[in-house]
Ligand code: C2E
Ligand code: CA
Ligand code: CA
Ligand code: CA
C-alpha cells in the first residue's frame, strides 16, 4: 500500500526506486542526446492499400545511447514531455525530417510527403509556428510535403489549438490526427478544425482479426469519409486486415505487412521499388 511505500524499506519500494533511477538516468542522458548526435530518424512507408504503392512516410525517432543501448520512444518520449526536453528534441526531429525529405527530392526520388509526430507540449509551445516556418525556410522543403501528426489531446484547449491549426493550414501544411479513437475527441469540434487525415489506431486494426465487422472501425472510417478526410490505418500486420480495411473504404495504410520503420539508407531502396511486395 501507499503507507508501506512511505516507510521506504519494502521490496515494493525498492522496485519503485529502481524505476525512478532509470527515469533519472534517461532524463540526464537526454540532455546531451541531440548535441551528441545520438538520435536518428527511421522511416516507415505509407502505402495505397491493395497496390502497395508508397505515397508517403512517417518519421519515427530512434535513440541509441553508448551505455544504455537502444531506448524505445515509448519510454523516453514521456520523460522528455515531463521535463520539457521534448521541445528541443521535437525541433531536431522536424528539421531532420524536412532536411532528409528535401535531400531525397533533390536526388531525384519521387516527391513524397513526410509525416512528423508532434507532441502536444511542443504544439502548444509559444514558438511552435515560428519554428515550423524557420525549419521550412532553412531546409527549403515545399510545405505541401510536410504533414504533422498530433493527437486528440489538442482538443482540450480548443480555441488556441484551432488558431495554430489554421495558421499551419495557411502555410500549406497537412494535419493528421494520430491514434484516432483512443483519446479525448469532441466530434462536434473535429469538423470545425482544419484536419486532413485521421489515423486509425492500431488497436482498432487488431480488432479486425477477431471481428471483421468491428463496428468501431466501420464507424471511424465512415466518420472520416463523411468529413472529407483521408483515412490511414496504422499497424497493419496481415493480409486479412488489409482486405477488410479496403472493404470498409479505407484506402491508405502503414504496417509491418508492408515494411517496418527502416533507416534512411534502407528507405532509399524501398523508394526504388514501385510497389512493396
Ligand atoms: P505512433 O506515432 O502511433 O507510431 C506508430 C508506432 O507503431 C511506431 O512505434 C511504429 O514503429 C509502430 N508500428 C508501425 N507498424 C506496426 C505494425 O504493423 N505492428 C506493430 N506492432 N507496430 C507497428 P515506435 O516507432 O516505437 O513509436 C512509438 C511512439 O513513440 C509513436 O507512436 C509516437 O507516439 C512516439 N514517437 C515516435 N517518434 C516520435 C517523435 O519524433 N516525436 C514524438 N513526439 N513522438 C514520437
Ligand atoms: Ca504517428
Ligand atoms: Ca498509434
Ligand atoms: Ca501515438
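Numbering (our numbering), first residue to last: 6 to 282. Backbone N, C-alpha and C define an ideal beta-carbon position, used for all residues, glycine too.
For residue i, is the classification buried or exposed, using 16 other Cβ atoms within 10 angstroms of its Cβ as the cut-off for buried?
i           : result
residue 75  : exposed
residue 193 : exposed
residue 95  : buried
residue 140 : buried
residue 218 : exposed
residue 245 : exposed
residue 266 : buried
residue 179 : buried
residue 181 : buried
residue 112 : exposed
residue 105 : buried
residue 166 : buried
residue 247 : buried
residue 163 : exposed
residue 143 : exposed
residue 150 : buried
What separation, rounded to the nearest whole angstrom, lies between the Cα atoms of residue i and residue j?
i           : j           : result
residue 1   : residue 225 : The chain is shown from 6 up to 282; residue 1 falls before or after that span and cannot be answered.
residue 8   : residue 20  : Reliability of the predicted coordinates at residue 8 is poor, the pLDDT of 48 falling under 50, and the value obtained from them is presented with this limitation in mind. Approximately 16 Å, taken between the alpha carbons.
residue 118 : residue 49  : 12 Å
residue 32  : residue 207 : 28 Å
residue 264 : residue 59  : 11 Å
residue 136 : residue 128 : 10 Å
residue 260 : residue 241 : 4 Å
residue 89  : residue 70  : 20 Å
residue 46  : residue 78  : 11 Å
residue 221 : residue 34  : 41 Å
residue 72  : residue 100 : 26 Å
residue 257 : residue 228 : 16 Å
residue 25  : residue 39  : 23 Å
residue 195 : residue 86  : 25 Å
residue 279 : residue 53  : 11 Å
residue 6   : residue 23  : The predicted model places residue 6 with a pLDDT of 43, which falls under 50 and marks its position as unreliable; any figure quoted below should be read in that light. The straight-line gap from Cα to Cα measures roughly 18 Å.
residue 10  : residue 81  : Model confidence at residue 10 stands at a pLDDT of 48, short of 50, so the residue's coordinates are unreliable and nothing is read from them.
residue 202 : residue 237 : 7 Å
residue 57  : residue 29  : 43 Å
residue 159 : residue 133 : 14 Å
residue 108 : residue 84  : 31 Å
So residue i and residue j are in contact, right, with Cβ under 8 Å, and what is the actual spacing, rounded?
i           : j           : result
residue 233 : residue 204 : About 16 Å separates the two Cβ atoms, so there is no contact after all.
residue 230 : residue 198 : In fact, because the Cβ distance is near 17 Å, the residues do not count as touching under 8 Å.
residue 66  : residue 92  : Not really, about 14 Å apart at Cβ, beyond 8 Å.
residue 123 : residue 154 : 6 Å
residue 120 : residue 176 : With a Cβ gap of about 16 Å, residue 120 and residue 176 do not count as contacting.
Could you spell out the range, first to last residue, of the beta strand (DSSP E) harbouring residue i?
i           : result
residue 67  : 59-70
residue 46  : 44-53
residue 278 : Taken as a continuous stretch (DSSP letters only), residue 278 belongs to no beta strand (DSSP E), as it is neither H nor E.
What are the start and end residues of the alpha helix (DSSP H) that includes residue i?
i           : result
residue 264 : Note, residue 264: premise wrong, no alpha helix (DSSP H); not H, not E.
residue 164 : 163-176
residue 41  : Looking at the DSSP string, residue 41 is not in any alpha helix (DSSP H), and its letter there is neither H nor E.
residue 251 : 244-253
Counting contacts by CB-CB distance shorter than 8 Å, is residue i in contact with chain C?
i           : result
residue 133 : Absence of chain C from the displayed structure is noted, only one protein chain being present.
Legend entry - Length at least 3, wholly inside the stretch 187-242: the beta strand (DSSP E) runs in chain order: 202-205, 235-238
Inset, instruction - Could you pull out every unbroken alpha helix (DSSP H) segment of at least 4 residues lying fully inside the stretch 74-161, listed in chain order? - result: Listed in chain order, the complete alpha helix (DSSP H) runs (minimum 4 residues) inside the stretch 74-161 are 78-88, 91-111, 125-129, 133-144.
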